[in-house]
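Under UniProt numbering, residues 1 to 121 are what the sequence shown spells out, in order. Here a beta-carbon is modelled for each residue, glycine too, at the ideal position from N, C-alpha and C. Here the structure comes first, spelled out in structure tokens, and everything after it is commentary.
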Amino acid sequence: NHLQPEESQQPRIPSWAGALEDTVDKELLVMLRDGRRLVGFLRSYDQFANLLLDNCHERHIVDKEFADRYMGVMLIRGENVVLFGEIDPDRPSGLVERPLAEILAKEEHRDATQGPPKMAT
1 NHLQPEESQQ PRIPSWAGAL EDTVDKELLV MLRDGRRLVG FLRSYDQFAN
51 LLLDNCHERH IVDKEFADRY MGVMLIRGEN VVLFGEIDPD RPSGLVERPL
101 AEILAKEEHR DATQGPPKMA T
């Protein structure tokens, strides 16, 4: 049919989209292509692996310390997800929580001296 979009224009469905069904209502860590890490409860997803996270926090990590910035409800495009996994609340993370301002200052110093962390493509 000449009215259908060309195959190259159709959204690409990520291969990992099938794994989402078992993670609904579970707390996930989601890593994005731009290097950000989000932690939140997966409430819904669609056929393109777009994710709806509730009680979402952006997690900042420097060395073995972290801080979370509350983001609320977030809709994440599936094409921006690099990695996701369920968080086990019974397993210690090995990270120490610190005040957000302290971690942001450490991130700024790290990025100024070493450059921002790179994500694999």
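Practice task
Flag this pair as yes or no: are the beta carbons of residue 29 and residue 85 separated by less than 7 Å?
Solution key: Against a cut-off of 7 Å, the Cβ pair of residue 85 and residue 29 comes out as a contact.
Problem - Own chain, CB closer than 8 Å to residue 95, minus 5 neighbours either side, in chain order - result: 61, 64, 65 and 66
Practice task
Could you tell me which of 24, 76, 46 and 21 sits nearest to residue 31, measuring between CA atoms?
Solution key: 76
Problem - Where the alpha helix (DSSP H) containing residue 103 begins and where it ends - result: 100 to 114
Exercise for the section: Count the other C-beta atoms from every protein chain shown that fall within 10 angstroms of the C-beta of residue 49, then say buried if there are 16 or more, exposed otherwise. Expected result: buried
Problem - Contacts around residue 110, its chain only, beta-carbon distance under 7 Å, and the 5 residues preceding and following it disregarded - result: 62
Handout entry: Cα-Cα separation, residue 114 to residue 58
Key = Near 22 Å, if we compare the C-alpha coordinates of residue 58 and residue 114.
Handout entry: Contact under 7 Å by Cβ, residue 56 with residue 78
Key = no
Exercise for the section: Could you tell me whether the Cβ atoms of residue 69 and residue 100 are closer together than 7 Å? Expected result: yes
Problem - Distance between residue 34 and residue 47 (C-alpha atoms, nearest Å) - result: 22 Å
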